[in-house]
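In our numbering, the protein residues as written are 109 to 412.
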């Protein structure tokens, strides 16, 4: 019972994109957009269209989501989730406090940690696309033929462990330096135990990134913040959209490092992957999705 309670506490908390709070705001903002765009017909049919939610790709999303949650429940990836351990080690053996944390507001520290994490996630995401050995794992995510909030959980189990390990090393080192430089007693602005800035982004934006709802912010704001349309373009098979918009929450890093794509008036979007190499993933069947990326990693030349 204790493990079930622990799992439900984590799943229902603000660290999960399918937290009831985020689902409610997804519906509320979806309704506001529905009204703003003067869309006719049923709101619920607009927000949860049968053609998308009954699609074989969505069923694959659901299977991978369930598999990922089983890994969480049985703590399969716990030994890889060593960010606090790395942070504590770096803080202990790194330089001592150089700034009195009492002079820095909790909001400033939360913002700093949010920016550092988002910057790191940009490079991790870019690495999955540009490092040939890692791409087959990330290709699982890009094999989604339709997008729903469940697609955020469309992750190969090995890819999940690799990302967790990257996070432990990168975030652990950076946060350890912050702890060491500012002191272990620093205060961070949080909402229900999660960084306030992460919660704010998740409340308003993140579940729309993987959805059929096309929301663009315009060229000025899209140089700073990743809009849902920008992330949907990232999933496009249109060649002009390749290797664009890696940002998690902020488009700033894409703008700085030459991978930004601003939304035009007439974007042609088709989701998924194309070509014989990725054909097994596009079957949307769980066995090829789990097995083929590993085969391509071990025998790269056999993948075509």
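Where is the CB? At the ideal position from N, CA and C, for every residue including glycine.
Evaluate residue i with the Cβ neighbour count: other Cβ atoms within 10 Å of its Cβ, from every protein chain shown; 16 or more gives buried, anything less gives exposed.
{"i": "residue 260", "result": "buried"}
{"i": "residue 310", "result": "buried"}
{"i": "residue 148", "result": "exposed"}
{"i": "residue 271", "result": "buried"}
{"i": "residue 284", "result": "buried"}
{"i": "residue 412", "result": "Confidence at residue 412 is low in this model, with a pLDDT of 45, below 50, so its placement is unreliable and no value can be given for it."}
{"i": "residue 262", "result": "buried"}
{"i": "residue 221", "result": "buried"}
{"i": "residue 122", "result": "buried"}
{"i": "residue 193", "result": "exposed"}
{"i": "residue 408", "result": "exposed"}
{"i": "residue 406", "result": "exposed"}
{"i": "residue 153", "result": "exposed"}
{"i": "residue 178", "result": "exposed"}
Nearest to residue i by alpha carbon, out of the options?
{"i": "residue 226", "options": "344, 165, 361, 302", "result": "361"}
{"i": "residue 404", "options": "197, 392, 387", "result": "387"}
{"i": "residue 218", "options": "154, 194, 303", "result": "303"}
{"i": "residue 251", "options": "402, 397, 182", "result": "397"}
{"i": "residue 350", "options": "155, 238, 316, 264", "result": "238"}
{"i": "residue 257", "options": "322, 169, 325", "result": "169"}
{"i": "residue 380", "options": "249, 163, 133", "result": "249"}
{"i": "residue 382", "options": "157, 253, 402", "result": "253"}
{"i": "residue 282", "options": "394, 314, 229", "result": "229"}
{"i": "residue 158", "options": "320, 197, 195, 286", "result": "320"}
{"i": "residue 142", "options": "373, 323, 407", "result": "323"}
{"i": "residue 242", "options": "378, 376, 393, 274", "result": "274"}
{"i": "residue 163", "options": "344, 136, 393", "result": "393"}
{"i": "residue 374", "options": "134, 178, 346", "result": "346"}
{"i": "residue 166", "options": "318, 364, 182", "result": "318"}
{"i": "residue 264", "options": "400, 201, 224, 407", "result": "400"}
{"i": "residue 312", "options": "137, 341, 391, 329", "result": "137"}
{"i": "residue 160", "options": "331, 255, 327", "result": "255"}
Could you spell out where the alpha helix (DSSP H) holding residue i opens and where it closes?
{"i": "residue 415", "result": "Nothing can be reported for residue 415: it is not among the residues displayed for the chain, which extend from 109 to 412."}
{"i": "residue 400", "result": "394-406"}
{"i": "residue 177", "result": "164-181"}
Three or more C-beta pairs below 8 angstroms linking the region 233-246 and the region 343-359: yes
Is the region 335-342 close to the region 134-151, with three or more CB pairs under 8 angstroms? no
Enumerate, from N- to C-terminal direction, the unbroken alpha helix (DSSP H) stretches of 4 or more residues contained entirely within the region 262-341. 265-290, 304-309
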